[in-house]
Amino acid sequence: MSDLTIQLTDHPKAKPADESKLKFGDLFTDHMLMMDYDEGQGWHDARIVPYGPLALDPAAMCLHYGQEVFEGMKAYRAEDGRILLFRPEQNFARLNLSNDRLCIPPVDEDKMVEYLKEFLRVEKDWVPHSKDTSLYLRPFIIAIDPHLGVHSGKHYYFIVIASPVGAYYPEGLNPVSIYVETKYVRSVRGGTGFTKTAGNYSASLKAQSEAEEKHYTQVLWLDGVERRYIEEVGTMNVFFKIDGEIITPSLDGSILGGITRKSAIELMHSWGLKVTERRISIDELAEAYDAGKLEEAFGTGTAAVISPIGFLDWGDTKKMEIGGGKIGPVSQRLYDELTAIQWGRTKDPFGWSVEVCK
Ligand SMILES: *Cc1c(COP(=O)(O)O)cnc(C)c1O
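Position in the sequence shown counted from 1, then plus 30, gives you the working numbering.
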């Protein structure tokens, strides 16, 4: 028995009538999972409570200095009705990595997975049924001390909210156009780029909105020091297939270590593909393109799983059309096999899929 207390809502909302109209992140379930941290007491009072606004002191530290961390993961409904998670222990391990960098006390990773499963059993009817839909889960931690000095907090909330989301690719996987960002940077080594913390994302908004004005979907981030080495694409990790070899930037502190990235690497290794994690510059990419050796490019992340890149705009230097604007075979196979494991359509030889309930 876990020590989680449960207070159910008296006013459950109607579930979405038409799952094909689900978007991303604008509808939330009936409950949230919460836990408090107070210095001297540790994390305590884990509870499931009705979803609703928080009462925060206007001086709460998270509102001023961004002492916050978060995670992003999904619960999937298999065809036989089972609810599945994908490598949830990895998310809480990464949350603790972020916690450490942001001076937030660590959580008990095994306990968090157990609490999350209990939360999902309460919210199970909110996991949508239609193909490629899921329940997006957003764990996060905020410092709540009412205090304007720049210090780490002594009091925190841990919260998980959940949002049913629609199919990412209702019309199939169409490659996206990407703008190579040479003016703004996302992070630098020694900073917080490897963590999921609010400030990384607010700092990226301007580049994103300028790219959208130019009709690009996302930006390709270059390193913050030499402005040459490729880091990520938007909020996804990035992979290239050059002359038969798969190359992805190595994790050196400024790049977020994606769980989809890690799973894609492990999957491609199991297929016998050569996958190399190393620094790769935009110049090297352009040279490979000119030599006709840039065969595929794609992003990886929980939301889209695989996002094929069809076009890269490196300003006046070079425009690259990759794979004739069509999805490549490795990208397609990764998408098919990862989603088959996530939605329980195939046997999972890796032990990644975790059953929550039948
Ligand atoms: C969350 C995130 C990713 C992808 O991580 P997944 O665990 O695969 O979802 C990549 N880059 C950034 C900046 C992210 O925030």
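Where a beta carbon is used, it is the ideal one built from N, C-alpha and C, also for glycine.
- Query: Looking only at C-alpha atoms, which of S280, L297, Y319 sits nearest to T306?
  - Reply: S280
- Message: Measuring only the C-alpha atoms, how far is G374 from P118?
- Response: 15 Å
- D273 and K323 closer than 8 Å at C-beta: yes
- Message: Tell me the rounded alpha-carbon separation between T290 and W344.
- Response: 26 Å
- Measuring alpha carbon to alpha carbon, tell me which of S193, L250, L115 ends up nearest I312. L250
- What residue ranges within the segment 38-76 form continuous beta strand (DSSP E) runs of no fewer than 3 residues, ordered along the chain? 61-68
- For the segment 109-116 and the segment 185-195, state whether three or more C-beta atom pairs, one from each stretch, are separated by less than 8 Å. no
- Item | Own chain, CB closer than 7 Å to M62, minus 5 neighbours either side, in chain order | V79, Y81, I189, V190, I191
- Item | 3-residue-minimum beta strand (DSSP E) runs that sit fully inside the segment 71-109, ordered along the chain | 72-80, 98-100, 103-107
- Message: Shorter than 7 Å, the distance from the beta carbon of I371 to the closest heavy atom of ligand 1, or not?
- Response: no
- Task: Mark P194 as exposed unless 16 or more other C-beta atoms lie within 10 angstroms of its C-beta, in which case mark it buried.
- Result: buried
- Item | D313, enclosing alpha helix (DSSP H) - first and last residue | 312-320
- At what residue ranges does the segment 265-312 contain a whole run of the beta strand (DSSP E), taking only runs of 3 or more? 267-272, 275-278, 305-307
- Task: Kindly indicate which three-state DSSP category E231 falls into: helix, strand or coil?
- Result: Correcting the residue identity first, residue 231 is Tyr in this sequence and not Glu. Helix at Y231.
- Determine the DSSP secondary structure at W373, reduced to helix, strand or coil. coil
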